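Residue numbers (our numbering): 9 to 211. Accompanying notes for the structure given below.
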Ligand code: MG
């Protein structure tokens, strides 16, 4: 399986990192070695001094597809979860300055903790879902999927022009504003609406 991550999909977040708003979705990949599941801890890597959290709604693909039209995209997923797109911001900044790819900043081991998944039938509209992240009991990031620049079905249409989507692939749909650093000892807790779905201890 592969993990597809959308960048700059919330205007306020693009602004906080001084990035222009994209005219088409921006995406990058993480390998399956990024996954952390079952609330396992994250071990702070020695190659970065600035690991940032980015809290994102994650869509799981349930059917193989290529060139998926937007109107059919909703038939390619039935579950969502929440995940953290861990980013070595110091390394990413250097990559950006040199125009290099982002893998060392985004695709390192354990850079994608994910929650269990919940059926979308639980929600009236997946483009109107609140989610938030608490660190050590204090809310640090708050989003609503209504604020996505590119909606889930547009993302699936766009990505599947280039890459075949397969069962079990995950799409990280972008982070709202409020990203920031984590430090050893922090306890991250992520929620969809009021449901506590993901815990990540930083060690
Ligand atoms: Mg992200």
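Beta carbons are placed, not taken as given, at the ideal position from N, Cα and C, and that holds for glycine. As the structure is a prediction and not an experimental result, all values here were calculated from the model.
* To do: Label residue 163 either buried or exposed according to how many other C-beta atoms from any shown protein chain fall within 10 Å of its C-beta, with 16 as the threshold for buried.
  => Buried, by the Cβ-count rule.
* Asked: Are the beta-carbon atoms of residue 122 and residue 66 separated by less than 8 Å?
  -> Contact flag set, yes.
* Taking the Cβ atom as the reference point for each residue, do residue 61 and residue 90 lie within a distance shorter than 8 Å? -> Cβ distance not < 8 Å, so residue 61 and residue 90 don't count as in contact.
* To do: Return yes when at least one heavy atom of the ligand MG lies under 7 Å from the C-beta of residue 15, else no.
  => Correct: residue 15 has its Cβ closer than 7 Å to the ligand MG.
* To do: Would you mind stating whether residue 190 and residue 49 have Cβ atoms separated by less than 8 Å?
  => Taking 8 Å as the cut-off, the beta carbon of residue 190 is found no closer than this to the beta carbon of residue 49.
* Whole beta strand (DSSP E) runs in the stretch 44–70 with 3 or more residues, listed along the chain? -> If we require 3 residues or more, the beta strand (DSSP E) runs fully inside the stretch 44–70 come out as 59–61 and 63–69.
* Asked: Of all the options 81, 186 and 210, which has the alpha carbon lying nearest to the alpha carbon of residue 165?
  -> Residue 165 has its Cα closest to that of 81, out of 81, 186 and 210.
* Beta-carbon proximity check, residue 69 vs residue 145, cutoff 8 Å -> The answer is no: Cβ separation not under 8 Å.
* To do: State the DSSP-derived secondary structure class of residue 195, mapped to helix, strand or coil.
  => Here residue 195 carries a strand assignment [DSSP, helix/strand/coil].
* Asked: Which word fits residue 156, buried or exposed, when buried means at least 16 other C-beta atoms lie within 10 angstroms of its C-beta?
  -> So residue 156 counts as buried.
* To do: State the beta-bridge partners of residue 85 as determined by DSSP.
  => DSSP lists 69 as partners of residue 85.
* So is residue 75 buried or exposed if we call it buried at 16+ other beta carbons inside 10 Å? -> When all chains shown are included, residue 75 counts as exposed.
* Decide if residue 211 is buried, meaning its Cβ has at least 16 other Cβ atoms within 10 Å, or exposed. => Result: exposed.
* Report the option in 32, 148 and 204 whose CA atom is closest to the CA atom of residue 183. => Residue 148 is the option with its Cα nearest to residue 183.
* Tell me which same chain residues have a C-beta within less than 8 Å of the C-beta of residue 72, skipping the five on either side of it? -> Correct list, in chain order: 172, 173, 174 and 175.
* **residue 108 in three-state terms, based on DSSP** => The three-state reading of DSSP puts residue 108 in coil, since its state is none of H, G, I, E or B.
* Asked: Under the criterion of a Cβ to heavy atom distance below 7 Å, does residue 183 qualify as lining the ligand MG?
  -> Residue 183 has its CB nearer than 7 Å to a heavy atom of the ligand MG.
* Are three or more beta carbon pairs between the stretch 197–204 and the stretch 124–143 nearer than 8 Å? -> Counting C-beta pairs closer than 8 Å gives three or more between the stretch 197–204 and the stretch 124–143, which meets the contact rule.
* **DSSP state of residue 185 mapped onto helix, strand, coil** => It is coil, neither helix nor strand.
* Return the Cβ separation of residue 97 and residue 64 in integer angstroms, given the expectation that the two are a contact with Cβ distance under 8 Å. => That pair is no contact at about 16 Å.
* Asked: At a cut-off of 7 Å, is residue 20 close to the ligand MG when judged by its beta-carbon and the heavy atoms of the ligand?
  -> The answer is no for residue 20.
* residue 79 versus 159, 22 and 29, residue with shortest Cα-Cα distance -> Distance from the Cα of residue 79 is smallest, within the candidate group 159, 22 and 29, for 159.
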